[in-house]
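Data first, discussion second: the structure below is written as structure tokens.
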Amino acid sequence: MSSDLSIGLHDLSAATTEYVLTHETLAGRTGADVAKYHRGLGQLAMSVPAADEDVVTMAATAARPVLARHGTDRIRTIVLATETGIDQAKAAGIYVHSLLGMPSATRVVELKQACYAGTAALQFAVGLVHRDPERQVLVIATDTSKYDLGSPGESTQGAAAVAMLVGADPALLRVESPSGLFTADVMDFWRPNYRATALVDGQESISAYLQAVEGAWKDYTEQGGRPLDDFHAFCYHQPFTRMAHKAHRHLVQYCGQDADDDGILRAIGRTTSYNAVIGNSYTASMYLGLAALLDSAGDLTGRTIGFLSYGSGSVAEFFGGQVVPGYRSHLRTDLHRAAIRRRQEIDYARYEELHRRSFPVDGSDLAVPRETTGPYRLAGISGHKRLYEPR
Ligand code: COA
Numbered sequence: 002m003s004s005d006l007s008i009g010l011h012d013l014s015a016a017t018t019e020y021v022l023t024h025e026t027l028a029g030r031t032g033a034d035v036a037k038y039h040r041g042l043g044q045l046a047m048s049v050p051a052a053d054e055d056v057v058t059m060a061a062t063a064a065r066p067v068l069a070r071h072g073t074d075r076i077r078t079i080v081l082a083t084e085t086g087i088d089q090a091k092a093a094g095i096y097v098h099s100l101l102g103m104p105s106a107t108r109v110v111e112l113k114q115a116c117y118a119g120t121a122a123l124q125f126a127v128g129l130v131h132r133d134p135e136r137q138v139l140v141i142a143t144d145t146s147k148y149d150l151g152s153p154g155e156s157t158q159g160a161a162a163v164a165m166l167v168g169a170d171p172a173l174l175r176v177e178s179p180s181g182l183f184t185a186d187v188m189d190f191w192r193p194n195y196r197a198t199a200l201v202d203g204q205e206s207i208s209a210y211l212q213a214v215e216g217a218w219k220d221y222t223e224q225g226g227r228p229l230d231d232f233h234a235f236c237y238h239q240p241f242t243r244m245a246h247k248a249h250r251h252l253v254q255y256c257g258q259d260a261d262d263d264g265i266l267r268a269i270g271r272t273t274s275y276n277a278v279i280g281n282s283y284t285a286s287m288y289l290g291l292a293a294l295l296d297s298a299g300d301l302t303g304r305t306i307g308f309l310s311y312g313s314g315s316v317a318e319f320f321g322g323q324v325v326p327g328y329r330s331h332l333r334t335d336l337h338r339a340a341i342r343r344r345q346e347i348d349y350a351r352y353e354e355l356h357r358r359s360f361p362v363d364g365s366d367l368a369v370p371r372e373t374t375g376p377y378r379l380a381g382i383s384g385h386k387r388l389y390e391p392r
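Numbering (our numbering), first residue to last: 2 to 392.
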């Protein structure tokens, strides 16, 4: 379906955590050659949430500047995508709505399908704006990726949130139709309700991802999508940034073209700088890739960007987006760079302590230590309820 109505990203704002652990520090502990992390995975550091940070505080921190700039008058829906759910029933977005003081005449819902759900949220938002172009939808992708200590996944942890305002006549990026879709029932990565850390079959997840790239692209072309050469750059889901290289190489070869290193780097190189120092932020990862691309030097006006969103389990979607004239005056480059720079580096012992933290499950009270210097914090747990406050 194509439409003359231009709908897409009107604003985009990212936030991450208080702390950072470098892969040099991690290698000092695991005994791995740090080049495996730096070159093999393309990861330099990972964001680590403070004791009083979680997906809600990151989401509110990311969304706050969006509301400060655009107000709340036109927003009637918040769709929050996460696979770091804090409650089986209540949507995390309701806490965010409350922290941000948004009007009661809002619908708030949470979406889940591993790292893909941010894209589902974006596409549902586009549909809602189509129905009423006067309205805007606040989409928030927010996640903390957590694997067992000492497991292969540990080096690909991270945390971040990206808030996106979706509306008509967008200031940043027009989201195009069609989309290419792909679903396959695979067990490459999952997290049963009773676990705080994810289970993953690493090599299976890489091959499932590559199969999904193929499947989503095939459907995209069958739906009448653009040819590969139309795209100036590609934003991939980045569980680790080398995965974007692998995925793009696979796509280019699938399309029968030569996949030389320079060409791959040109297509994806500017999308990896934030993820390389933040780590895997699951639903937010591909949109951090977009933020890095838009924030990097160079005028992308009128350029078409390809997006490949993958969520283990698995669902993938390929779609295009066109960068809108004037986009550069709406970017939040300084905010994003400051969010990365301001993180406090921690040692392995501190990281391990934070990793091992858990909350009471018997209804007892817990006051969470004051650590974050961000605008919102998790103050405590009482009677099985999470208590949030502005800092
Ligand atoms: N110098 C440079 N590169 C090195 C190296 C060194 N000293 N040692 C290893 N490497 C490279 C390997 O060749 C490999 O690259 P390649 O895949 O291009 O061949 C890369 O570093 C990773 O090494 P590997 O032995 O495969 O690492 P691992 O067993 O620790 O597993 C993951 C890597 C990604 C599978 C693991 O971190 C994981 O399970 N992550 C979570 C799930 C995930 O991110 N899935 C992705 C799809 S959603």
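Even glycine gets a Cβ: it sits at the ideal position worked out from N, Cα and C.
Just the Cα atoms here: how many angstroms apart are residue i and residue j?
i	j	result
residue 237	residue 163	15 Å
residue 123	residue 287	12 Å
residue 167	residue 269	24 Å
residue 3	residue 94	In this prediction, residue 3 has a pLDDT of 48, which is less than 50 and means its spatial position is unreliable; nothing more can be read from the coordinates.
residue 64	residue 244	28 Å
residue 375	residue 392	7 Å
residue 87	residue 366	17 Å
residue 97	residue 254	43 Å
residue 132	residue 211	34 Å
residue 108	residue 206	34 Å
residue 183	residue 383	42 Å
residue 181	residue 66	32 Å
residue 157	residue 379	25 Å
residue 70	residue 151	43 Å
residue 20	residue 222	42 Å
residue 73	residue 103	7 Å
residue 190	residue 328	36 Å
residue 341	residue 179	34 Å
residue 117	residue 234	20 Å
residue 285	residue 160	9 Å
residue 350	residue 171	45 Å
residue 368	residue 271	42 Å
Using DSSP bridges, identify the partner residues of residue i.
i	result
residue 104	The partner list for residue 104 (beta bridge, DSSP) is empty, contrary to what the question assumes.
residue 326	None, per the DSSP bridge assignment.
residue 390	378
residue 140	80 and 165
residue 345	20
residue 160	145
residue 320	308
residue 109	79
residue 9	168 and 175
residue 182	318
residue 368	381
residue 47	22
residue 191	200
residue 1	There is simply no residue 1 to check, as the chain begins at 2 and stops at 392 in what is shown.
residue 117	Looking at the DSSP assignment, residue 117 forms no beta bridge with any residue, so it has no partner.
residue 236	308
Rounded C-beta distance between residue i and residue j? I'm assuming under 8 Å.
i	j	result
residue 283	residue 337	The Cβ separation is near 18 Å, so there is no contact.
residue 10	residue 165	5 Å
residue 115	residue 310	So it is not a contact: roughly 10 Å between Cβ atoms.
residue 78	residue 138	5 Å
residue 169	residue 330	The pair is not a contact, with the Cβ atoms about 19 Å apart (cut-off 8 Å).
residue 51	residue 346	Contact doesn't hold; Cβ gap of about 13 Å is too wide.
residue 305	residue 250	Going by Cβ atoms, the distance from residue 305 to residue 250 rounds to 20 Å, so no, they are not a contact pair.
residue 37	residue 83	No, residue 37 and residue 83 are not in contact; Cβ-Cβ is about 29 Å, not under 8 Å.
residue 279	residue 289	6 Å
residue 85	residue 144	5 Å
Taking 7 Å as the cut-off, is the beta-carbon of residue i closer than that to any non-hydrogen atom of the ligand MN?
i	result
residue 281	As presented, the structure is devoid of the ligand MN, carrying the ligand COA as its sole ligands.
* Is there contact between the segment 215 to 227 and the segment 355 to 368, where contact requires at least three CB pairs shorter than 8 Å? -> no
* To do: Check whether the segment 109 to 125 touches the segment 307 to 320, taking contact to mean three or more Cβ pairs, one atom from each stretch, closer than 8 Å.
  => yes
* Report yes or no: do the segment 43 to 58 and the segment 172 to 180 share at least 3 C-beta pairs separated by less than 8 Å? => no
* **Cβ pair count under 8 Å reaching 3, the segment 126 to 137 against the segment 14 to 26** => no
* Flag this pair as touching only if the segment 19 to 31 and the segment 248 to 267 have three or more C-beta atom pairs under 8 Å; answer yes or no. => no
* Asked: Does the segment 287 to 300 come close enough to the segment 192 to 200 that 3 or more CB-CB pairs lie under 8 Å?
  -> no
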